[in-house]
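Peer 1:
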Amino acid sequence: MQYHALSLARHGRRVALLGFLHTKPHNDTLCNERIHIVPISELKVLQVGPKILQYIIKVIAQVLQLLYALMKIDHPSYILLQNPPGLPSIAVAWIVCLVRRSKLIIDWHNYGYTIMSLTHGTSHPIVNIAKWYEKIFGRLSDHNFCVTNAMKEDLQMNYNIKAITLYDKPAAFFKETPLELQHKLFMKLAKDYDSFKARTESAHPDVEKSAFTELDVRNGSLAHVKERPALLISSTSWTEDEDFSILLKALEDYEQYINDGVRIPSIICVITGSADLGVCLHKSSSGLDLPMKVVDMFGCCLPVCAIYFECLHELVKHDENGLIFRDSNELAEQLKMLFSEFPSIDGKLQLFRRNLQESKQLRWDESWDQTVLPLLSSN
1 MQYHALSLAR HGRRVALLGF LHTKPHNDTL CNERIHIVPI SELKVLQVGP
51 KILQYIIKVI AQVLQLLYAL MKIDHPSYIL LQNPPGLPSI AVAWIVCLVR
101 RSKLIIDWHN YGYTIMSLTH GTSHPIVNIA KWYEKIFGRL SDHNFCVTNA
151 MKEDLQMNYN IKAITLYDKP AAFFKETPLE LQHKLFMKLA KDYDSFKART
201 ESAHPDVEKS AFTELDVRNG SLAHVKERPA LLISSTSWTE DEDFSILLKA
251 LEDYEQYIND GVRIPSIICV ITGSADLGVC LHKSSSGLDL PMKVVDMFGC
301 CLPVCAIYFE CLHELVKHDE NGLIFRDSNE LAEQLKMLFS EFPSIDGKLQ
351 LFRRNLQESK QLRWDESWDQ TVLPLLSSN
């Protein structure tokens, strides 16, 4: 939602941005004079009584809190909200729009009930209520966006909701990291983590080395170390839609390849773009949304290995900008294949990176201007 807020502000609109402050907003958001942040407190319900009763009390408290916040802000022309989370925000926003004569826009990133089903199961009463709620109140919106064509078709077919596909795109600040900044980062990390320290001593005291880069201070020459390890990055939310054991098992198989004599580099894994490869373990709970982490990795021209689900092909083009795997064995084989020619510029990994560099990916601002701005300008 910060991207939406920044895009609106860029076109002269004043924005009240409501949300939980689990993490600090981006500096661009904090420093923008047209964006007013309205923090929503995450209420902690007393852990007494049946869980269903605790949940009901929490929802009622959130309704009152959201209702107060939305009625207090300056009169909005539009209320734009992201779903999920949509319970109870969709219903509250719809009521406020009726009272204040505003228009309601929903940005569908997934279905909340499918995320709940990962914990409670598909037949749980709360899951069925959430599904009914999204279906009924989702239809009351004035406009809708969604993140994939697959979700657009599903909304039309099962919800009778017409939506416009607005793909998640990387912001302008996601880009390839210059070698100079990579070196500074690696040297900084080497102070605290042995994995980033140089494998061999420098030939000269004026040569500064990390496990990946070396800088000759005398003439400013900077290059990658020839026998460097590969750096693999994978972020995770530790939720049910990501099985991190797949990566761990694949790395065990990769280590066995090395033990068997296969000439491939060691891998340093960072679980969180100065990397050689990204790994995405996100499986959509609905099969209809796309992993934002891959969008950001592509924005940094970082090739990705991603686990398969139904609409992933709308983002990851197999054997073009990355690879798609279905289990740990397939991921291990892909890692062996990709790193067998590492760090050669002629290897498949570098081919994927060049494809990303040459693709001239549409950035968020451009995509927003083409998709959202015309809708707002016509109303």
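Heads up, the sequence shown is in full-length UniProt numbering, so the first residue is 1 and it goes up one at a time. All residues carry an ideal CB built from backbone N, CA and C; glycine is no exception.
Let me know if GLY322 comes out buried or exposed under the rule of 16 or more other beta-carbons within 10 Å of its beta-carbon.
Peer 2: Taking the first residue of the sequence shown as 1, we reach residue 322 at position 322. That one is buried.
Peer 1: Would you mind working out which of LEU185, GLU176, GLU320, ASN329 sits nearest LYS249, comparing C-alpha positions?
Peer 2: The residue labelled residue 249 in the question sits at position 249 within the sequence shown. Residue ASN329 is the option with its Cα nearest to LYS249.
Peer 1: Between the C-alpha atoms of PRO25 and LEU118, what's the straight-line distance to the nearest angstrom?
Peer 2: Position 25 of the sequence shown, counted from the start, is the residue given in the question as residue 25. Position 118 of the sequence shown, counted from the start, is the residue given in the question as residue 118. Approximately 28 Å, taken between the alpha carbons.
Peer 1: Using three-state DSSP, classify LEU323 as helix, strand or coil.
Peer 2: Your numbering for residue 323 matches position 323 in the sequence shown. If DSSP states are grouped into helix, strand and coil, LEU323 belongs with the strands.
Peer 1: Please report the straight-line C-alpha distance between VAL225 and LYS283, rounded to a whole angstrom.
Peer 2: On the sequence shown, position 225 is the one that residue 225 refers to. On the sequence shown, position 283 is the one that residue 283 refers to. Those two C-alpha atoms are separated by around 35 Å.
Peer 1: Between which residues of its own chain and ASN355 is the CB-CB distance below 8 Å, once the five residues before and five after are set aside?
Peer 2: If you number the sequence shown from 1, residue 355 lands on position 355. These residues qualify, in order along the chain: GLU320, ASN321.
Peer 1: Between ASN128 and PRO88, what straight-line distance do the alpha-carbon atoms span, to the nearest angstrom?
Peer 2: One-based indexing of the sequence shown puts residue 128 at position 128. One-based indexing of the sequence shown puts residue 88 at position 88. Cα to Cα, ASN128 sits roughly 15 Å from PRO88.
Peer 1: Would you check if the distance between the CB atom of ASN110 and the CB atom of PRO84 is smaller than 7 Å?
Peer 2: Within the sequence shown, numbered from 1, the residue matching residue 110 stands at position 110. Within the sequence shown, numbered from 1, the residue matching residue 84 stands at position 84. In contact: ASN110 and PRO84 (Cβ atoms closer than 7 Å).
Peer 1: Got a sec: is the Cβ-Cβ distance from GLN2 to anything in chain D below 7 Å?
Peer 2: Given the protein chain composition of this structure (a single chain), no chain D is represented.
Peer 1: Could you please give the first and the last residue of the uninterrupted beta strand (DSSP E) stretch that includes LEU277?
Peer 2: The residue you call residue 277 lines up with position 277 of the sequence shown. Residues 277-280.
Peer 1: Mapping DSSP to helix, strand and coil, what is PHE145?
Peer 2: Position 145 of the sequence shown, counted from the start, is the residue given in the question as residue 145. Correct three-state label for PHE145: strand.
Peer 1: Contact check, PRO170 vs PHE339 under 8 Å by CB: the rounded distance?
Peer 2: Looking up residue 170 in the sequence shown gives position 170. Looking up residue 339 in the sequence shown gives position 339. PRO170 to PHE339, Cβ: 25 Å. No contact.
Peer 1: Exposed or buried, LEU30, counting other C-beta atoms within 10 Å across all chains shown (16 or more means buried)?
Peer 2: In the sequence shown, the residue the question calls residue 30 occupies position 30. That one is exposed.
Peer 1: Taking C-alpha atoms, which residue in ARG34, MET151, LEU70 lies nearest to ASP107?
Peer 2: Mapped onto the sequence shown, residue 107 falls at position 107. Taking only the C-alpha atoms, the option nearest ASP107 is MET151.
Peer 1: Where do the ends of the alpha helix (DSSP H) carrying SER221 lie?
Peer 2: Numbered from its first residue, the sequence shown carries residue 221 at position 221. Careful: SER221 lies outside any alpha helix (DSSP H), inside the beta strand (DSSP E) at 221-224.
Peer 1: Under three-state DSSP, which class holds HIS120?
Peer 2: Counting from one through the sequence shown, the residue named residue 120 turns up at place 120. Helix, per DSSP.
Peer 1: On the three-state DSSP scale, how would you describe PRO85?
Peer 2: Position 85 of the sequence shown holds residue 85. Coil, per DSSP.
Peer 1: Please check the pair LEU331 and ILE246, which I expect to be a contact at CB under 8 Å, by giving their CB distance rounded to whole angstroms.
Peer 2: Counting from 1 along the sequence shown, the entry for residue 331 is found at position 331. Counting from 1 along the sequence shown, the entry for residue 246 is found at position 246. Contact holds; Cβ gap of about 6 Å.
Peer 1: Measure the alpha-carbon distance for ASP253 versus LYS209 and round it to whole angstroms.
Peer 2: Here residue 253 refers to the residue found at position 253 of the sequence shown. Here residue 209 refers to the residue found at position 209 of the sequence shown. Those two C-alpha atoms are separated by around 30 Å.
Peer 1: May I ask you to report which of helix, strand or coil DSSP gives GLU76?
Peer 2: Here the question's residue 76 lines up with position 76 in the sequence shown. Reading off the sequence shown, one finds Pro at residue 76, where the question assumed Glu. Correct three-state label for PRO76: coil.
Peer 1: Can you give, in chain order, each stretch of the alpha helix (DSSP H) that sits fully within the stretch 305-355 and has at least 4 residues?
Peer 2: You should have 328-339.
Peer 1: Within a Cβ cutoff of 8 Å, which residues of the same chain sit near GLN357, ignoring the five residues on either side of it in sequence?
Peer 2: Translated into the one-based positions of the sequence shown, residue 357 becomes position 357. Cβ neighbours of GLN357 beyond the five flanking positions: GLU176, CYS301.
Peer 1: Do you know how far the Cα of LEU6 is from the Cα of TYR14?
Peer 2: Sequence index remark: in the sequence shown, residue 14 carries index 14 (1-based). Sequence index remark: in the sequence shown, residue 6 carries index 6 (1-based). According to the sequence displayed, residue 14 carries Arg and not Tyr. Their Cα atoms are separated by approximately 10 Å.
Peer 1: Between ASP168 and the rest of its own chain, which residues show a CB-CB distance below 6 Å, the 5 nearest in sequence each way excluded?
Peer 2: Taking the first residue of the sequence shown as 1, we reach residue 168 at position 168. The answer, listed in chain order, is VAL147, MET292, VAL295.
Peer 1: Would you call the CB atoms of LEU43 and ALA61 closer than 7 Å?
Peer 2: The residue labelled residue 43 in the question sits at position 43 within the sequence shown. The residue labelled residue 61 in the question sits at position 61 within the sequence shown. Yes; because the gap between Cβ atoms is below 7 Å, this pair is in contact.
Peer 1: Taking DSSP's pairing of strands, which residues face residue 415 in a bridge?
Peer 2: Here the chain covers residues 1 to 379 and nothing more, so residue 415 does not appear.
Peer 1: Here's a check: name, in chain order, each residue in its chain whose Cβ is nearer than 7 Å to the Cβ of HIS75, leaving out the five neighbours to either side.
Peer 2: In the sequence shown, the residue the question calls residue 75 occupies position 75. Answer for HIS75: ARG100, listed in chain order.
Peer 1: So ASP206 and ASP216 are supposed to be a Cβ contact under 8 Å. How far apart are they, rounded?
Peer 2: Start at 1 with the first residue of the sequence shown, and residue 206 comes out as number 206. Start at 1 with the first residue of the sequence shown, and residue 216 comes out as number 216. 7 Å between Cβ atoms; contact.
Peer 1: Name, in chain order, the residues that DSSP records as bridge partners for TRP108.
Peer 2: Working through the sequence shown from its first residue, we reach residue 108 at position 108. Looking at the DSSP assignment, TRP108 forms a beta bridge with ASN83, CYS146.
Peer 1: My understanding is that residue 380 touches ASN32, with C-beta atoms under 8 Å, so please give their C-beta distance in whole angstroms.
Peer 2: The structure shown has nothing for residue 380, since the chain only spans 1 to 379.
Peer 1: Name the two residues that bound the continuous beta strand (DSSP E) containing GLU366.
Peer 2: By one-based count along the sequence shown, residue 366 stands at place 366. No beta strand (DSSP E) contains GLU366, which is instead part of the alpha helix (DSSP H) from 364-371.
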